[in-house]
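The opening residue of the sequence shown carries number 110 in the working numbering; numbering runs sequentially from there.
Every residue gets a Cβ at the ideal spot worked out from N, C-alpha and C, and that includes glycine.
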Amino acid sequence: MQEGNANTPLISVSISESSIAAVESKMTSVIKGTLDSGAGRASIAAQAALYHLQSGGNRTRARFCLHACVCLGVSNNDALILSACVELLHNASLIHDDLQDQEKTRHGISSVWSRFSPAIAICAGDLLISGAYALLASISNVRLLPSLMAATHQCVSRAIHGQCDDLDCTDLSQTPFETYARIVKLKSGALLSLPLELALIASENFISLNHARKAAEDFSVGYQIADDLLDIEQDSATGQKPASLNIFFVIQN
């Protein structure tokens with residue numbers, strides 16, 4: 110991963126697959142470190158978490174974070190730490206989402222709750238969240254830890270509130286677009302904003318935090334619409350109906 114500074118044009122930055130592999134290594138290492146920390150059930154939770162991480166994914170949030178860190182001149186190791194932190198939190202939300210939505214597959218294989226059990230899925234997701242904070246603790250500038258942890262908590266909290274609102278939308282055909290956008294900005298926007306916020310804090314560029322958050326929230330609506338339409342295409346092939354809020358049903362209203 111090339112180093113950069115705040116004046117580096119975004120278009121010139123290229124994130125290598127070796128950088129993504131290094132992020133993967135940090136994620137799996139922090140979870141593997143818990144395999145022998147307890148008896149039976151704790152070990153199964155770690156195995157379930159690793160099973161999920163190894164199932165694949167685009168690592169979009171890690172790429173966002175690495176990109177921002179390069180542009181802002183954040184050190185390579187700190188960039189990897191922050192990127193792994195964000196991905197662990199995102200993947201924890203996926204494990205819990207699959208359970209709440211009763212989705213039996215992810216990335217073409219059994220979801221964690223379907224493969225192990227609902228109880229283990231909760232524990233595995235919680236373990237990923239714990240691992241994210243453990244990684245933050247290894248950041249080079251400990252003076253920034255309070256700000257990094259506070260930003261992480263705020264983004265996770267917003268995502269949780271968005272998920273709760275999503276679960277409340279039982280009649281998808283009666284949900285107005287304004288409600289859809291508000292939920293998406295919370296549920297999806299929070300964890301798309303976090304990569305940028307952590308990179309800004311690590312570079313001590315606090316003045317841009319609000320702008321980054323607003324940009325990520327607005328971007329999340331378009332991002333989620335594209336994802337929803339892909340879900341509809343996939344579900345139509347199997348005859349399934351989306352279990353959570355989807356733009357297809359919102360625009361039919």
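Beta-carbon proximity check, residue i vs residue j, cutoff 8 angstroms
| i | j | result |
| --- | --- | --- |
| A193 | V265 | no |
| S164 | I218 | yes |
| E212 | M136 | no |
| I231 | A171 | no |
| L236 | I140 | yes |
| A311 | L253 | yes |
| A157 | I248 | no |
| D274 | L295 | yes |
| V251 | A290 | no |
| A241 | R267 | no |
| E306 | A324 | no |
| C180 | P304 | no |
| A155 | L144 | yes |
| Y332 | S297 | yes |
| R224 | Y160 | yes |
| W222 | D210 | no |
| C178 | L198 | no |
| I238 | A188 | no |
Start-to-end residues for the alpha helix (DSSP H) that takes in residue i
| i | result |
| --- | --- |
| I190 | 185 to 210 |
| R291 | 286 to 296 |
| L257 | 254 to 277 |
| S128 | 126 to 141 |
| A233 | 227 to 245 |
| L175 | 169 to 181 |
Residues sharing a beta bridge with residue i, DSSP
| i | result |
| --- | --- |
| R215 | I218 |
Residue i Cβ short of 7 angstroms to the ligand FAD heavy atom set
| i | result |
| --- | --- |
| Y160 | Ligands are entirely absent from the displayed structure, and the ligand FAD is therefore not among its contents. |
Minimum Cβ-Cβ distance from residue i to chain D less than 8 angstroms
| i | result |
| --- | --- |
| A158 | Within the model displayed, chain D is absent; a lone protein chain is all it includes. |
- Would the region 280 to 293 and the region 304 to 324 be scored as touching if the rule is three or more Cβ pairs under 8 angstroms? They do not touch, by the three-pair rule.
- For the region 297 to 333, which segments carrying the alpha helix (DSSP H) assignment without a break, of at least 4 residues, lie completely within its bounds, in sequence order? 298 to 311
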